[in-house]
Structures are given as structure tokens and as C-alpha cells.
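The listed protein sequences correspond, in order, to chains B and Y.
Heads up: the first sequence is residues 16 to 629, going by the numbering used here.
Heads up: the second sequence is residues -1 to 238, going by the numbering used here.
Below is one structure, written out as C-alpha cells, with a few remarks after it.
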Amino acid sequence: MSQCDSPDLKQRLAPILQKHGRDPTKVLQILREIQDTAHCICGQSIDLIAEHLDLPRVRVAGVAGFYSFLAGGQACGEYRVLFSDNITDHMLGKAELMDYFSKKLWLEPGKVSEDGLVSVDSTSCTGMCDQGPAALVNGMPLTNLDENCLDLICELIRSRKPVSDWPPMLFEVQDNILRKDVLLGEAFEPGAALKATLARGPRETWAEVDKSNLRGRGGAGFKTASKWSFCHAAIAEEEGHVVCDIGDRAERIMVCNADEGEPGTFKDRVLLNSYADLVFEGMTVGARVVGARRGFLYLRGEYAYMLGKLEGVLQQRREKGLLGKNILGEQGFDFDIEIHLGAGAYICGEESALIESLEGKRGRPRNRPPFPVTHGYLGHPTVVDNVETFACAAKIALHGGEWFAAMGTGQSAGTKILSISGDCERRGIYEYPFGTTIRQILQDCGAEDPYAVQVSGPSGTTISWKEFDRMIAFEDLATAGAFMIFKRGRDLFQMARNFSHFFAHESCGFCTPCRVGTTLMQRIMDKIDGGHGTASDLEEMKNLGQLLKTMSHCGLGTSAANPVLDTLNKFPDVYEQKLKALAFEPAFDLDGALATARRITGRDDKEAHLGAES
Amino acid sequence: MSNTITIDGQTIPFQEGQTIMDAALAAGVYIPHLCHNPEFTPHGSCKLCTVTVNGRNVASCTMPAVEGQQIANNTDELNAKRRALTQMLFVEGNHFCPFCEKSGNCNLQAVAYHLDMMSPHYNHFYPAREVDASHPDILLDRNRCILCELCVRASRDVDGKEVFGLSGRGIDCKLVVNSSSGDLVDTDLAATDKAASVCPTGAIIVKRHGFSVPIGQRIFDHKDISQVQLEAAQKERGHE
Ligand SMILES: Cc1cc2nc3c(=O)[nH]c(=O)nc-3n(C[C@H](O)[C@H](O)[C@H](O)COP(=O)(O)O)c2cc1C
Ligand code: SF4
Ligand code: SF4
Ligand code: FES
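Below you can see the structure in the form of C-alpha cells.
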């Protein structure tokens, strides 16, 4: 029985509701906390939230149904174990371990045990690919899982020990920083970049960021100084048009995108764990430049375990006068940062979906124009930048633009932090100057007989061993940081199939091509995997790929076919091996459809099967 | 120079603030569309109205018209893609036109005819979706819902009620209603609401009007959807 059936639900939710006041942007945060305490979000909770926030119930229900960690109306166990489903976890034995664990606890994945104690399921990549197989138990990260670990976890669950009392070594997360350059290599004195900014002035600081040629590290590679100046100009222009009397509409917002949902990416986790001051300082520099007074860190739900630590860093910065009112004694320089947690939705990394989520809504990408730089959070001009981008900005404020521009290549200044996982000896974090070749990187991390690399995650590019002389740079292989290595002998079809499942699961469902197209793609990949694929299926996937690329609403849909299209193009044999010789194979499995009849009649002889041995 | 854009070689005027779709409808140029209805805020989800502007694909119902845009609309390539999207909408739901009261008046069916859709092409999903007959005057059959959110917009923006909304994610997106029971009867929806009559398919139907217009005399039985929607736009302009 789930706890939310209990009659005292109202009393138990009261502290959560009170804590968040009557601010409708807090819906998601409230739902998260209710999920954590009650292990489900029942209809009555939704009624209570809607009433408390004076929102139509249907809106709250819509949010509750969108995010994976909120589990909609479904209950989950008091102990909820979610195994990370990235291909790198699979390569380390995820499926077998999850099976082992489920059997040990007499569980069926996706269902709650009868006593309501425990549930097991898969979840999209948890960002621990260098120390997988990984899982989450009630939001806490489990890494380097093996059968021994799982035996212990079963014991702990059976004895109903609260997760907070479990041995801390179970939750150890390593940084694994294996190559440092200018971002990770030098010690950073909190406040140093801000002092430099104040000494130089906001305009001059902007000029340094401009000179540095810094481009966004979240994937798209937009020039950071341009984004900041658009946001700044959004107000300037409004003042010219006498829109300033709209009052606080003129407020500007600084958002740090720490959603890091791209499978295989975990560098922002390390930056936030060990370089949080640098990141927050970069945000504060940006706030000074564009004139923002409010900032948000949008932290993916998978990283909720870092919340306490990050709140602590923010508090220290307030105490040191690096956040809050009159920062470093500068009159009128006010800025503070609030942390907002996600709840399991890759799409919330897309900047406009992220803003919707910050507003407490379903994470669905907005129509553009208008762009967030002019109409973002609650309509305010808003800058959304990646964690690493802010780290770079802080360094630029400190050392100047020329220093930064001198590193890297013509179109890609500075360094890039890579998250390396898959088939290599030394998995972890590597910081390289842009322009470094794939071959060099593979050598440094001890990749033996590498065959393919997935650069920048499922939405990026699959490259083959023939392309290892290409380089990491916007002008060649742009990357948000993921670098997954596959040695010779790995089945790249399974990689592409895993990614097709990822996209179908993470599509927000707003637009037709992606909502339906990603599911069609996943089904064809499963059909081929089941041995029923034909040549016409490959043609169909190419057409679907074109449709996704050219008709989708946002970057998720436009890149969702990349792994299938890239592997079809570069490794056609991995598909052809799996195809039936037939020109056509029905998607409908005739023999499979007879399974129920066989069960009822208790028959399983040859005659009860269609076309078995023929 | 006045404001003009060019669609398939034809130069048409636009006013500041108009989308490409607005300008096209006003000029008598048809762009296939499903989630768009000129009476409501543009939504941009079905993607049927996608056009190519200076080489880039955009949804014409949400993209502002900008001086000098060179737009491709009625091309074989775009129509083939629109057909594929329409097929996707058919297979992800359960559309049994011969049994549907909306047949002949349905925009989904009509746009499929317009785009020469001869078969569903993709495998049917046959999803299990709920039918809600609880309301005395209105039937909600989710099997026929294409998630266009016109009812959501109509209820929120015109009726001022917010009876409808979406929940779920991805292929599990579904229409939900504003009541604790989840039933339509417990909402304040009325048959006279805009939201009760705006559905482009047979998902929301006012009861007891079944077949009051016989098959053969329905809107799209005699006219193509392009003609119907352009005439409607013309009439709308006449009222202004
Ligand atoms: C589906 C999708 C997911 C994304 N996820 C992230 C993410 O997790 N982190 C991130 O920084 N950017 C992500 N982005 C890119 C953001 O939309 C945005 O471009 C970026 O945060 C801008 O910051 P930057 O200029 O510093 O790169 C994603 C984009 C898409 C389309
Ligand atoms: S492309 Fe996919 S994720 Fe993006 S809006 Fe469309 S359905 Fe949502
Ligand atoms: S019920 Fe009709 S109007 Fe509402 S979303 Fe579904 S198809 Fe659109
Ligand atoms: S009509 Fe434009 S996207 Fe649906």
C-alpha cells in the first residue's frame, strides 16, 4: 500500500506546501518533495497542490505526468531503485545486474513489490558512465555496481534501513579528473574574477568575453558575448520604446544549465562537485555584464544528491559578500542564485523547455521567435548558458580575452572538457585544447583496438576508426562533452538501438514528427533486433530520419535519428547481418501471437508453432 | 516598399504582426494545417504547415512574416512529408472513419484526402485509450485525439475555464480534464462552450446530433479542405 492512501495526507503535505508559499512556479519542486516523502503522487496530492497554489487541477496533473521521477499516478516502492540505462552501463553488465537484483527481491521491473517496499526500473543515463554500472536509490547515486554490492543493498532494503543510514561507501562518486588544463588545472580564489570585473567595468568585461571568442559549451556553440549583449540590449531597446514602466518586466535573468542529460556526459557533475565557486562566479560576472539580479541553477534530478553541498557553497559566497546585496561593496550590484531541481526529463536541457520547467510547467520547447534572450523566464530577458561556459567566463574575466583566444583553433577558442567512457583503461574527465585529434585522446585514455566513438552523445556523431584523425572543434567535431568508445567486436547496432529507445522515451510529445517518429524508429530497431528486419526497414528508417531532421520542433527531434543514420551510413554491415533474406517481413509476429493459445492449451510441440523449422 | 513575402513565386502582402499562415490565408493561399485555427493563439505542434523559408523549414502558423521571405509551400517534397505526418497521426490513434460521427466533417480525414493519402503506410499502434461518456451532453473519445490542444486553448482563452490539458510525455501524451475523478462530467464544461465544438476530429462531440447531417451532405463531401478553409478565412475578413 502506498503511503498516500493514508488519511493524514493533508497534514503530511502541509509543511511542504507551506515551505514553498503560494508561488505557482514552485509546482515542480513541490511535486518532487511529495514524491520523495509519499513515494507516489496520488490524485489527492494533486488536488491539495492545486488548491494551495490556486491553479487549475489539470495543470498540476499535466506537470506530474511529464517528469519520469514523478511517476505520474503510479506508485513506487519505499525503496525505488533505478538502473542507469546508457549503453555504457549495458557494456558493463547492466541488464544482467538488474535481472539479478530483481530476482533476488522477487520483483518485476516496473512494478512495486506486494508489500510496497521496493520497486526496480530503468532510467536514462544518470551521468556516472566512468564508474558504472550505476543506479539511483531514492535519488542517491550508486556506482560501480556488482553482485556483491547488490547483495548488500538487498540486505539493507529487507532490514528497512533508511537510505540515509546506509554505508557511505555505497554512494561514493569519484571525480576521476585525468587531464587538466586551464580550467581544471589552476587553483581559483573565490572573488578574484569578480574583483577583476569590478575593476574593469561591465562593458569592458563584456569586451573581454567578446575578444575571447568564447562559444557556448552546451552543444550549439553560440558566441557567448553575442548572447549576453542581446539580453542586455533587450532592455536597452525597451527603454527606448518606453516599455520600462512595465516595472519588474525589465528584470534580467541568468540561468545556468546543469541539466546534463545527454547520455555519456558527466563533466558538469564534476565541475559542480569540485569547481562550484568557479561556475557561480562566472554566473555573477555574467549578471554584472547584462544587469541581472536573479539567477538560477537548473540542476538535473539525477544530481539532487549534490544539492546540500551546492547550497553550502552559495551560502559561503553570500557570507563572503560574493552574492546578495552590494556584492563586494559595490552599491547596487545585487545578485543571488536559486537552485531548481529537475525531475528526470532530458528535454529540459533545451533552453526554452528548461525555462518552462523553471516556471513550474511541463518541459516543452517554446515557439521561437521570441527567443529567451528577449522573452525568457516569466517573460524577462534571460541568458541560459552551460555550466562549463560560465566556468570559462570566470577565467576570462580574470585573465582577459586575449589569453583565452590564444588557445585552441581558429573558430574554437579555449579548451573543452570531455567525459570519456566505454572501452578504455582510464575513464573519466579530460580537459583538452580545442583542435586535439581523436587519435590523441584515444591514446591518452588507453583505448585498445578502438572501432568507433560516439562524440557528443546520441544527439552527436558516430565516427568510425577511419576518422580518428578528425579533431574536437566546432569546425570539425563539435561536442558537448560526451566521448563513448567502442572497441572492435562491440555490436554497434545495439548502441544505435539503445539510443533509439532513449529518444523515444525522452521525446516531449509536443510535435508529430518526433512524438510518433521516435517511437516508429524504436519499433523498427526492435523488429530488426528480433530477427524480423528486412531491407525495406532500412529504407523506412532513412525516410523517418529525414522527416525527423527536417520537420521537428526542436533539437531533440532533429538529432534523434543521428545514431541510426550514422551507423547505417558508416557501418551498414551491422544491420545487414541481422536482416532476413526476405524482401518483406510483416511487423506482426504470427507465431508470437499464438503464444497465449499455446499456454491455454498446454501445448508447445512443433505443430503448435508456425513456420518454426521450415 | 510595402511589406511583402513570396510564396511559391507569388508575391503577397502582409501586415506587421502577421504570421506566414495569416498572410497566406488572407491572400487566398492554402497551406495545409491541423492544429492551427485562426481564432486561437498559434500552437505549432502538428507541423503540417511546415514551409521552407530561405532554405530552412519552419512552421508557418507560428513564424512571423518578414519582408522579403522566399517561401516554398506547395512542393512535392513538402507535401510528401505532410502526408507522412498525417499518416503518423492516423496510426498513433484509433481512427475508424466509417464508424465515426465526424466522418465528412473531420479535418484530419479531409487533409488526408487533400494530400492524396492512400494508406496509413506505418504499422498501427492500436493504443488503449479511454472513452469518456460521463458527461450528459458531450462525448470525449480519446481514440480520435490528435493532441492539437485546440480544446485546451478554447477552454482557457475563450471560455475562461481550463477544462482540458495534456499529461504524460512522448507517445504517452494524453488529454486530461480538470476534475479529481478524471471524468468530464465533474468539470464545468458546457455544450455551448467553444471548447465543445472546436475539435478538428471526432474526439469531442456534442451528443444527440448524430447524423443530423447525412453522409454525402457533409462539409468535405463536396469541397476540398483547402477551399473550405480559404472561404472561412475570407468570411472572417469580411466581418472585420
Ligand atoms: C534536447 C536538448 C537537450 C539539451 N541539453 C542540454 C544540457 O543538458 N546542457 C546544456 O548546457 N545545454 C543543453 N542543450 C543546449 C541548450 O538548449 C542551450 O543551447 C545551451 O544551454 C546554451 O548554453 P551555451 O551557449 O553555454 O552552450 C540541449 C539542447 C537540446 C535541443
Ligand atoms: S522535437 Fe520532440 S522533444 Fe522537441 S518539441 Fe517535438 S516532440 Fe518535443
Ligand atoms: S480533443 Fe480534439 S481539440 Fe482536443 S486536443 Fe484532441 S484533437 Fe485536439
Ligand atoms: S498548423 Fe502549424 S504546426 Fe500545426
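Every residue, glycine too, gets a C-beta built ideally from N, C-alpha and C.
Using a CB distance cut-off of 8 Å, R151(Y) does not count as an interface residue toward chain B. Interface criterion met: the Cβ of G42(Y) is under 8 Å from a Cβ in chain B. Around the CB of W243(B), 16 or more other CB atoms lie within 10 Å, so the residue is classed as buried. Shown here for F81(B): same chain residues with a beta carbon closer than 6 Å to its own, the five before and five after excluded, namely R377 in chain order.
In chain order, M566 make up the part of chain B whose C-beta sits under 7 Å from the C-beta of T48(Y).
Under the Cβ distance rule, E14(Y) does not count among the residues neighbouring chain B, no pair being separated by less than 8 Å. With distances taken between CA atoms, K159(Y) lies nearest to S177(Y) out of L145(Y), G214(Y), S177(Y). Taken in chain order, the whole alpha helix (DSSP H) runs of length 4 or more contained in the segment 135 to 183 of chain B are 162 to 173.
Here Y111(Y) is exposed: its Cβ has fewer than 16 other Cβ atoms, across all protein chains shown, within 10 Å. Our two residues, G339(B) and R309(B), have alpha carbons roughly 10 Å apart in a direct line. Among the residues of the segment 522 to 538 of chain B, those with a Cβ less than 8 Å away from any Cβ of chain Y are S522, C523, G524, F525, C526, T527, P528, R530, V531, G532, T533, T534, L535, R538, in the order of the chain. A contact is defined here as three or more CB-CB pairs under 8 Å, and the segment 107 to 125 of chain B fails this definition with respect to the segment 180 to 200 of chain B. For T451(B), there is no enclosing beta strand (DSSP E), as DSSP marks it with neither H nor E. Under the Cβ criterion of 8 Å, E128(Y) is not counted among the residues facing chain B. At a cut-off of 8 Å between beta carbons, Y124(Y) makes no contact with chain B. The C-beta of A193(Y) comes no closer than 8 Å to any C-beta of chain B. Under the Cβ distance rule, R81(Y) does not count among the residues neighbouring chain B, no pair being separated by less than 8 Å. Q232(Y) and H247(B) have their C-alpha atoms spaced approximately 42 Å apart. Taken through DSSP and simplified to helix, strand or coil, A202(B) comes out as coil.
Residues are counted here when their Cβ sits less than 7 Å from a Cβ of chain B; for the segment 80 to 114 of chain Y these are A82, L83, M86, L87, E90, given in chain order.
Q346(B) and G131(B) have their C-alpha atoms some 56 Å from each other. Using a CB distance cut-off of 8 Å, S165(Y) counts as an interface residue toward chain B. In this structure the segment 482 to 501 of chain B lies against the segment 446 to 463 of chain B, because at least three pairs of beta carbons, one per stretch, are closer than 8 Å.
C-alpha of C407(B) to C-alpha of R232(B): approximately 9 Å in a straight line.
In this structure L87(Y) is buried. Its beta-carbon is surrounded by 16 or more other beta-carbon atoms within 10 angstroms. Under the three-state reduction of DSSP output, A358(B) falls in the coil class, being neither helix nor strand. Proximity of chain Y to G58(B) at the Cβ level (cut-off 7 Å) is accounted for by S178, in chain order. Taking a cut-off of 8 Å for Cβ pairs, the segment 374 to 392 of chain B and the segment 159 to 166 of chain B do not touch, as fewer than three such pairs fall below it. Under the rule that a run must span 3 or more residues, the beta strand (DSSP E) segments found entirely inside the segment 480 to 549 of chain B read 497 to 502. Residue state for E65(Y) is assigned as coil, using DSSP reduced to three classes. Spatial neighbours of I411(B) in its own chain (CB-CB distance under 7 Å, excluding positions within 5 residues in sequence) are listed in chain order as E223, V224, S227, L229, F419. Those residues having their beta-carbon less than 6 Å away from any non-hydrogen atom of ligand 2 are, in chain order, I362(B), P380(B), S522(B), C523(B), G524(B), F525(B), C526(B), C529(B), R530(B), S567(B), H568(B), C569(B), L571(B), G572(B). In the structure shown, the three-state DSSP call for F98(B) is strand. With fewer than 16 neighbouring CB atoms inside 10 Å of its own CB, M116(Y) falls in the exposed class.
Sorted by position in the chain, H31(Y), L32(Y), C33(Y), H34(Y), G42(Y), S43(Y), C44(Y), K45(Y), L46(Y), C47(Y), A57(Y), C59(Y) make up the residues whose C-beta lies under 6 Å from a heavy atom of ligand 4.
Interface criterion not met: the Cβ of I5(Y) is under 8 Å from no Cβ in chain B.
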